[in-house]
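Below you'll find the structure, written out as C-alpha coordinates, and then a few comments.
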Amino acid sequence: MVFDAVTLGLFMASAVRLAAPILLASLGELASERAGVLNIGLEGIMLLAAFGAVFGLQASAMPAVGVLAGTAFGMAAAAALAVAVAVLRADQIVVGIGFNILALGSTSLLRELFLDPAFQVPSLRGLSVYRLPYLSEIPIVGRALFSQSPILYAGVVIAVLLWLTIRYTRIGLVVRAVGEGAGAADAAGISVTAVRFGAMLFTGLLAGVAGAYLTLVASGGIFVDNITAGRGYLAVAVVIFGRWNPILVMVASVLFGCADALQYQGQAIGLSISPPLLLMSPFLLALVAWVLLGKSKAGPSEIGIPFLRGQK
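For what it's worth, the numbering used here labels the leading residue of the sequence shown as 608, then goes sequentially.
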(Lines of atoms letter the chains of each structure in order from A and count residues from 1; the text may use other names and numbers.)
(Lines give C-alpha, C1' and ligand atoms only; values in the text may rest on other atoms or scores of the structure.)
Protein backbone atom coordinates (compact mmCIF):
# COMPACT_ATOMS: atom_id res chain seq x y z
CA MET A 1 0.00 0.00 0.00
CA VAL A 2 1.32 3.46 -0.98
CA PHE A 3 0.67 6.11 1.65
CA ASP A 4 3.16 8.95 1.13
CA ALA A 5 2.20 12.52 1.99
CA VAL A 6 1.12 13.44 -1.54
CA THR A 7 -1.07 10.36 -2.04
CA LEU A 8 -2.61 10.72 1.40
CA GLY A 9 -3.33 14.42 0.77
CA LEU A 10 -5.02 13.64 -2.56
CA PHE A 11 -7.09 10.89 -0.97
CA MET A 12 -8.24 13.15 1.86
CA ALA A 13 -9.09 15.99 -0.54
CA SER A 14 -11.16 13.59 -2.65
CA ALA A 15 -12.93 12.19 0.42
CA VAL A 16 -13.90 15.65 1.71
CA ARG A 17 -15.05 16.76 -1.76
CA LEU A 18 -17.24 13.66 -2.15
CA ALA A 19 -18.61 14.12 1.37
CA ALA A 20 -19.99 17.60 0.63
CA PRO A 21 -23.35 16.67 -1.00
CA ILE A 22 -23.94 13.95 1.59
CA LEU A 23 -23.22 16.42 4.40
CA LEU A 24 -25.65 19.04 3.09
CA ALA A 25 -28.43 16.54 2.41
CA SER A 26 -27.99 14.76 5.75
CA LEU A 27 -28.14 18.04 7.70
CA GLY A 28 -31.48 18.75 6.02
CA GLU A 29 -32.67 15.21 6.70
CA LEU A 30 -31.67 15.59 10.34
CA ALA A 31 -34.10 18.51 10.74
CA SER A 32 -36.97 16.42 9.34
CA GLU A 33 -36.14 13.42 11.50
CA ARG A 34 -35.85 15.58 14.60
CA ALA A 35 -39.43 16.66 13.84
CA GLY A 36 -40.53 13.04 13.45
CA VAL A 37 -40.46 12.71 9.64
CA LEU A 38 -38.37 9.98 8.02
CA ASN A 39 -37.85 11.64 4.65
CA ILE A 40 -37.04 8.72 2.34
CA GLY A 41 -37.82 11.00 -0.61
CA LEU A 42 -34.49 12.77 -0.08
CA GLU A 43 -33.01 10.96 -3.10
CA GLY A 44 -35.75 12.31 -5.36
CA ILE A 45 -35.43 15.83 -3.96
CA MET A 46 -31.69 15.85 -4.71
CA LEU A 47 -32.29 14.50 -8.21
CA LEU A 48 -34.86 17.18 -9.08
CA ALA A 49 -32.58 19.85 -7.61
CA ALA A 50 -29.65 18.58 -9.69
CA PHE A 51 -31.75 18.96 -12.84
CA GLY A 52 -32.99 22.38 -11.70
CA ALA A 53 -29.43 23.61 -11.18
CA VAL A 54 -28.39 22.74 -14.74
CA PHE A 55 -31.64 24.13 -16.10
CA GLY A 56 -30.96 27.42 -14.30
CA LEU A 57 -27.35 27.43 -15.50
CA GLN A 58 -28.37 26.92 -19.13
CA ALA A 59 -31.09 29.56 -18.91
CA SER A 60 -28.80 32.23 -17.44
CA ALA A 61 -25.21 31.09 -18.04
CA MET A 62 -24.61 32.18 -14.43
CA PRO A 63 -23.48 29.51 -11.90
CA ALA A 64 -25.02 31.39 -8.96
CA VAL A 65 -28.41 31.32 -10.69
CA GLY A 66 -27.93 27.59 -11.17
CA VAL A 67 -27.47 27.13 -7.43
CA LEU A 68 -30.57 29.23 -6.71
CA ALA A 69 -32.60 27.29 -9.27
CA GLY A 70 -31.48 23.98 -7.78
CA THR A 71 -32.43 25.21 -4.33
CA ALA A 72 -35.85 26.32 -5.59
CA PHE A 73 -36.45 22.94 -7.23
CA GLY A 74 -35.42 21.20 -4.00
CA MET A 75 -37.77 23.28 -1.87
CA ALA A 76 -40.66 22.82 -4.32
CA ALA A 77 -40.14 19.05 -4.30
CA ALA A 78 -39.93 19.03 -0.50
CA ALA A 79 -43.13 21.08 -0.27
CA ALA A 80 -44.96 18.52 -2.41
CA LEU A 81 -43.72 15.73 -0.14
CA ALA A 82 -44.65 17.73 2.95
CA VAL A 83 -48.23 18.10 1.75
CA ALA A 84 -48.50 14.33 1.46
CA VAL A 85 -46.67 13.50 4.68
CA ALA A 86 -47.31 16.37 7.11
CA VAL A 87 -50.71 17.60 5.92
CA LEU A 88 -52.39 14.48 4.53
CA ARG A 89 -50.57 12.13 7.00
CA ALA A 90 -49.67 9.56 4.34
CA ASP A 91 -47.25 6.73 5.12
CA GLN A 92 -43.80 8.35 5.04
CA ILE A 93 -41.87 5.39 3.66
CA VAL A 94 -44.37 4.48 0.94
CA VAL A 95 -44.68 8.08 -0.23
CA GLY A 96 -40.91 8.56 -0.15
CA ILE A 97 -40.16 5.50 -2.27
CA GLY A 98 -42.87 6.40 -4.77
CA PHE A 99 -41.55 9.96 -4.97
CA ASN A 100 -38.02 8.73 -5.71
CA ILE A 101 -39.26 6.55 -8.58
CA LEU A 102 -41.29 9.46 -9.96
CA ALA A 103 -38.29 11.80 -9.73
CA LEU A 104 -36.05 9.32 -11.56
CA GLY A 105 -38.44 9.07 -14.50
CA SER A 106 -39.47 12.71 -14.60
CA THR A 107 -35.93 14.08 -14.61
CA SER A 108 -35.04 11.85 -17.55
CA LEU A 109 -38.02 13.27 -19.44
CA LEU A 110 -37.22 16.85 -18.41
CA ARG A 111 -33.62 16.42 -19.52
CA GLU A 112 -34.71 15.39 -22.99
CA LEU A 113 -37.24 18.22 -23.25
CA PHE A 114 -35.36 21.18 -21.74
CA LEU A 115 -31.60 20.61 -21.58
CA ASP A 116 -29.25 21.31 -24.48
CA PRO A 117 -26.50 18.64 -24.64
CA ALA A 118 -24.34 21.02 -26.71
CA PHE A 119 -24.53 23.86 -24.14
CA GLN A 120 -21.15 25.50 -23.52
CA VAL A 121 -20.75 25.45 -19.76
CA PRO A 122 -19.25 28.69 -18.39
CA SER A 123 -16.41 28.64 -15.89
CA LEU A 124 -17.54 27.12 -12.60
CA ARG A 125 -14.28 27.76 -10.78
CA GLY A 126 -15.89 30.30 -8.44
CA LEU A 127 -18.13 27.53 -7.16
CA SER A 128 -15.72 24.64 -7.28
CA VAL A 129 -12.60 25.88 -5.53
CA TYR A 130 -11.65 28.59 -3.05
CA ARG A 131 -8.22 28.31 -1.51
CA LEU A 132 -7.84 29.86 1.90
CA PRO A 133 -4.53 31.77 1.94
CA TYR A 134 -1.66 30.03 3.78
CA LEU A 135 -3.94 27.35 5.30
CA SER A 136 -4.31 25.55 1.96
CA GLU A 137 -0.52 25.13 1.85
CA ILE A 138 -0.40 22.98 5.00
CA PRO A 139 0.97 19.54 4.08
CA ILE A 140 -1.54 16.65 3.77
CA VAL A 141 -4.61 18.36 5.30
CA GLY A 142 -4.31 21.79 3.66
CA ARG A 143 -5.72 20.75 0.30
CA ALA A 144 -8.45 18.64 1.93
CA LEU A 145 -9.73 21.21 4.38
CA PHE A 146 -8.84 24.61 2.95
CA SER A 147 -8.98 24.20 -0.83
CA GLN A 148 -12.59 23.23 -1.43
CA SER A 149 -15.83 24.66 -2.76
CA PRO A 150 -17.39 27.63 -0.90
CA ILE A 151 -20.52 25.45 -0.73
CA LEU A 152 -18.63 22.96 1.43
CA TYR A 153 -17.44 25.70 3.79
CA ALA A 154 -21.07 26.85 4.05
CA GLY A 155 -22.07 23.29 4.93
CA VAL A 156 -19.64 23.26 7.86
CA VAL A 157 -21.02 26.57 9.15
CA ILE A 158 -24.59 25.28 8.78
CA ALA A 159 -23.70 22.15 10.77
CA VAL A 160 -22.46 24.25 13.69
CA LEU A 161 -25.44 26.64 13.54
CA LEU A 162 -27.87 23.71 13.35
CA TRP A 163 -26.25 22.13 16.42
CA LEU A 164 -26.57 25.38 18.35
CA THR A 165 -30.17 25.86 17.19
CA ILE A 166 -31.30 22.38 18.18
CA ARG A 167 -29.52 22.47 21.50
CA TYR A 168 -30.03 26.02 22.76
CA THR A 169 -32.94 27.79 21.04
CA ARG A 170 -36.72 27.71 21.38
CA ILE A 171 -37.09 26.66 17.75
CA GLY A 172 -34.87 23.66 18.42
CA LEU A 173 -36.84 22.82 21.54
CA VAL A 174 -40.13 22.92 19.60
CA VAL A 175 -38.78 20.71 16.82
CA ARG A 176 -37.43 18.19 19.33
CA ALA A 177 -40.73 18.22 21.22
CA VAL A 178 -42.66 17.36 18.07
CA GLY A 179 -40.28 14.55 17.22
CA GLU A 180 -40.31 13.08 20.70
CA GLY A 181 -44.02 13.40 21.42
CA ALA A 182 -46.29 14.92 18.81
CA GLY A 183 -49.40 14.39 20.93
CA ALA A 184 -47.93 16.19 23.93
CA ALA A 185 -46.64 19.00 21.72
CA ASP A 186 -50.10 19.39 20.17
CA ALA A 187 -51.68 19.53 23.62
CA ALA A 188 -49.23 22.31 24.52
CA GLY A 189 -50.47 24.40 21.60
CA ILE A 190 -47.73 23.61 19.08
CA SER A 191 -48.84 23.05 15.49
CA VAL A 192 -47.33 19.68 14.63
CA THR A 193 -48.27 20.09 10.98
CA ALA A 194 -46.58 23.49 10.69
CA VAL A 195 -43.41 22.32 12.45
CA ARG A 196 -43.09 19.22 10.29
CA PHE A 197 -43.87 21.19 7.12
CA GLY A 198 -41.22 23.77 7.99
CA ALA A 199 -38.64 21.10 8.82
CA MET A 200 -39.24 19.41 5.47
CA LEU A 201 -38.85 22.73 3.65
CA PHE A 202 -35.49 23.16 5.38
CA THR A 203 -34.61 19.67 4.19
CA GLY A 204 -35.55 20.70 0.65
CA LEU A 205 -33.37 23.80 0.88
CA LEU A 206 -30.22 21.91 1.86
CA ALA A 207 -30.96 18.93 -0.40
CA GLY A 208 -31.42 21.47 -3.20
CA VAL A 209 -27.96 22.89 -2.60
CA ALA A 210 -26.60 19.34 -2.43
CA GLY A 211 -28.15 18.53 -5.81
CA ALA A 212 -26.72 21.73 -7.28
CA TYR A 213 -23.30 20.78 -5.90
CA LEU A 214 -23.47 17.41 -7.65
CA THR A 215 -24.06 18.92 -11.08
CA LEU A 216 -22.30 22.29 -10.90
CA VAL A 217 -19.25 21.39 -8.82
CA ALA A 218 -18.75 17.61 -8.97
CA SER A 219 -19.86 17.09 -12.58
CA GLY A 220 -18.83 20.34 -14.27
CA GLY A 221 -22.32 21.59 -15.14
CA ILE A 222 -23.54 18.35 -16.72
CA PHE A 223 -26.73 16.52 -15.76
CA VAL A 224 -27.04 12.79 -16.45
CA ASP A 225 -29.86 10.45 -15.51
CA ASN A 226 -29.74 9.22 -11.90
CA ILE A 227 -26.78 11.48 -11.13
CA THR A 228 -27.41 11.17 -7.40
CA ALA A 229 -26.69 7.41 -7.58
CA GLY A 230 -28.12 6.63 -4.15
CA ARG A 231 -26.55 9.55 -2.26
CA GLY A 232 -29.95 10.50 -0.85
CA TYR A 233 -30.22 7.10 0.80
CA LEU A 234 -26.64 7.43 2.05
CA ALA A 235 -27.55 10.78 3.62
CA VAL A 236 -30.40 9.15 5.53
CA ALA A 237 -27.93 6.55 6.82
CA VAL A 238 -25.43 9.26 7.76
CA VAL A 239 -28.01 10.84 10.07
CA ILE A 240 -28.37 7.52 11.89
CA PHE A 241 -24.58 7.07 12.10
CA GLY A 242 -24.33 10.62 13.43
CA ARG A 243 -26.88 9.90 16.18
CA TRP A 244 -29.05 12.84 15.07
CA ASN A 245 -26.27 15.26 16.12
CA PRO A 246 -25.15 17.79 13.43
CA ILE A 247 -21.50 17.69 14.48
CA LEU A 248 -21.38 13.88 14.47
CA VAL A 249 -23.27 13.90 11.17
CA MET A 250 -20.45 16.01 9.74
CA VAL A 251 -17.91 13.43 10.90
CA ALA A 252 -20.01 10.56 9.54
CA SER A 253 -20.27 12.35 6.18
CA VAL A 254 -16.49 12.39 5.89
CA LEU A 255 -16.44 8.67 6.76
CA PHE A 256 -18.83 7.98 3.90
CA GLY A 257 -16.77 10.30 1.69
CA CYS A 258 -13.68 8.19 2.47
CA ALA A 259 -15.57 5.03 1.50
CA ASP A 260 -16.70 6.74 -1.71
CA ALA A 261 -13.19 7.99 -2.49
CA LEU A 262 -11.79 4.46 -2.29
CA GLN A 263 -13.60 3.74 -5.56
CA TYR A 264 -11.35 6.25 -7.30
CA GLN A 265 -8.21 6.28 -5.17
CA GLY A 266 -8.06 2.62 -4.10
CA GLN A 267 -5.79 1.53 -6.93
CA ALA A 268 -3.62 4.65 -6.57
CA ILE A 269 -2.83 3.82 -2.95
CA GLY A 270 -2.28 0.15 -3.79
CA LEU A 271 -5.29 -1.44 -2.12
CA SER A 272 -5.62 -5.07 -3.18
CA ILE A 273 -9.40 -5.03 -2.82
CA SER A 274 -11.71 -5.81 -5.69
CA PRO A 275 -13.08 -2.56 -7.30
CA PRO A 276 -16.69 -3.83 -7.16
CA LEU A 277 -16.27 -4.35 -3.42
CA LEU A 278 -14.94 -0.81 -3.03
CA LEU A 279 -17.94 0.41 -5.03
CA MET A 280 -20.22 -1.30 -2.55
CA SER A 281 -18.49 0.00 0.57
CA PRO A 282 -20.64 3.17 1.13
CA PHE A 283 -23.79 1.14 0.77
CA LEU A 284 -22.51 -1.53 3.15
CA LEU A 285 -22.04 1.23 5.71
CA ALA A 286 -25.57 2.45 4.97
CA LEU A 287 -26.92 -1.07 5.54
CA VAL A 288 -25.21 -1.19 8.92
CA ALA A 289 -26.82 2.15 9.79
CA TRP A 290 -30.29 0.91 8.89
CA VAL A 291 -29.77 -2.17 11.06
CA LEU A 292 -28.69 0.10 13.91
CA LEU A 293 -31.87 2.16 13.45
CA GLY A 294 -33.93 -0.97 13.99
CA LYS A 295 -32.07 -1.88 17.19
CA SER A 296 -31.39 1.56 18.65
CA LYS A 297 -33.71 3.70 20.74
CA ALA A 298 -31.49 6.76 20.35
CA GLY A 299 -33.52 8.42 17.58
CA PRO A 300 -36.58 10.64 17.98
CA SER A 301 -39.37 8.58 19.54
CA GLU A 302 -41.98 9.29 16.86
CA ILE A 303 -39.79 9.18 13.79
CA GLY A 304 -41.74 7.84 10.83
CA ILE A 305 -45.09 7.93 12.66
CA PRO A 306 -47.83 10.14 11.12
CA PHE A 307 -49.49 12.45 13.62
CA LEU A 308 -53.22 11.88 14.02
CA ARG A 309 -54.84 14.00 16.72
CA GLY A 310 -56.48 11.88 19.41
CA GLN A 311 -54.31 8.82 18.72
CA LYS A 312 -51.21 7.80 20.64
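All C-beta atoms, glycine included, are put in the ideal place defined by N, C-alpha and C.
Owing to the predicted nature of the structure, the values given are computational and were not obtained by experimental measurement.
{"query": "Less than 8 Å between the C-beta atoms of Gly651 and Phe721, yes or no?", "result": "no"}
{"query": "Out of Gly837, Ala725, Phe809, which one is the CA nearest neighbour of Ala689?", "result": "Phe809"}
{"query": "How is Ser754 classed by DSSP in three states: helix, strand or coil?", "result": "strand"}
{"query": "Please tell me whether Val728 and Gly827 are closer than 8 Å, where the distance is taken between their beta carbons.", "result": "yes"}
{"query": "Going by DSSP, what residue range makes up the alpha helix (DSSP H) through Ile778?", "result": "777-787"}
{"query": "Please look up how many angstroms separate the CB atoms of Ala659 and Gly677, rounded, as I've assumed it's under 8 Å.", "result": "Residue identity differs from the one stated: residue 659 is Gly in this sequence, not Ala. Contact flag correct, Cβ pair sits at about 5 Å."}
{"query": "In angstroms, rounded to a whole number, what distance separates the CA positions of Pro907 and Pro913?", "result": "13 Å"}
{"query": "Going by DSSP, which residues form a beta bridge with Tyr737?", "result": "Gln755"}
{"query": "Taking buried to mean at least 16 other C-beta atoms within 10 Å of its own C-beta, is Ala657 buried or exposed?", "result": "buried"}
{"query": "In three-state terms, what does DSSP make of Ala642?", "result": "coil"}
{"query": "In whole angstroms, what is the alpha-carbon distance linking Ile745 and Arg916?", "result": "56 Å"}
{"query": "Enumerate, from N- to C-terminal direction, the unbroken beta strand (DSSP E) stretches of 3 or more residues contained entirely within the region 637-718.", "result": "none"}
{"query": "If Ser756 and Val824 are in contact, beta carbons under 8 Å, what's the gap, nearest whole angstrom?", "result": "5 Å"}
{"query": "Measuring only the C-alpha atoms, how far is Ser715 from Met653?", "result": "14 Å"}
{"query": "Could you spell out where the alpha helix (DSSP H) holding Leu855 opens and where it closes?", "result": "853-872"}
{"query": "Count the CB pairs spanning the region 847-856 and the region 624-642 that are closer than 8 Å, and state whether there are at least three.", "result": "yes"}
{"query": "Give me, in chain order, the residues of the same chain whose beta-carbon lies closer than 7 Å to that of Ser888; leave out the 5 immediate sequence neighbours on both sides.", "result": "Ala866, Leu869"}
{"query": "What three-state label does DSSP hand Gly827 in the structure shown?", "result": "coil"}
{"query": "In three-state DSSP terms, what is Arg916?", "result": "coil"}
{"query": "Closest by CA to Arg732, which one among Val748, Ala801, Ser754, Pro724?", "result": "Ser754"}
{"query": "Using a Cβ-Cβ cutoff of less than 8 Å, which residues in the same chain neighbour Arg783 once the five nearest sequence positions on both sides are dropped?", "result": "Arg641, Ile773, Pro907"}
{"query": "Can you tell me whether Ser879 is buried or exposed, with buried defined as 16 or more other CB within 10 angstroms of its CB?", "result": "exposed"}
{"query": "Measuring straight from C-alpha to C-alpha, what distance separates Ala620 and Leu752?", "result": "7 Å"}
{"query": "Since I believe Ala792 is in contact with Val785 (beta carbons under 8 Å), could you give me their beta-carbon distance rounded to a whole number of angstroms?", "result": "5 Å"}
{"query": "On the DSSP letters alone, give me the boundaries of the alpha helix (DSSP H) that Leu813 sits inside.", "result": "799-819"}
{"query": "Let me make sure I understand the geometry here. Which of Ala893, Gly815, Leu709, Leu625 has the alpha-carbon closest to that of Val672?", "result": "Gly815"}
{"query": "From the DSSP output, in three-state form, read off Glu909 for me.", "result": "coil"}
{"query": "What does a CB cutoff of less than 8 Å around Arg750 pick up in its chain, not counting 5 residues either side in sequence?", "result": "Gly616, Leu617, Met619, Ala620, Ser743"}
{"query": "In three-state DSSP terms, what is Thr772?", "result": "helix"}
{"query": "Identify, in the order they occur along the chain, each residue of the same chain with its Cβ nearer than 7 Å to the Cβ of Ile758, setting aside the five sequence neighbours on each side.", "result": "Ala627, Leu734, Val816, Tyr820, Val824"}
{"query": "What are the boundary residues of the alpha helix (DSSP H) that includes Ala842?", "result": "838-848"}
{"query": "Give the single residue among Asp723, Tyr840, Ala896, Asp832 whose Cα lies nearest to the Cα of Leu711.", "result": "Asp832"}
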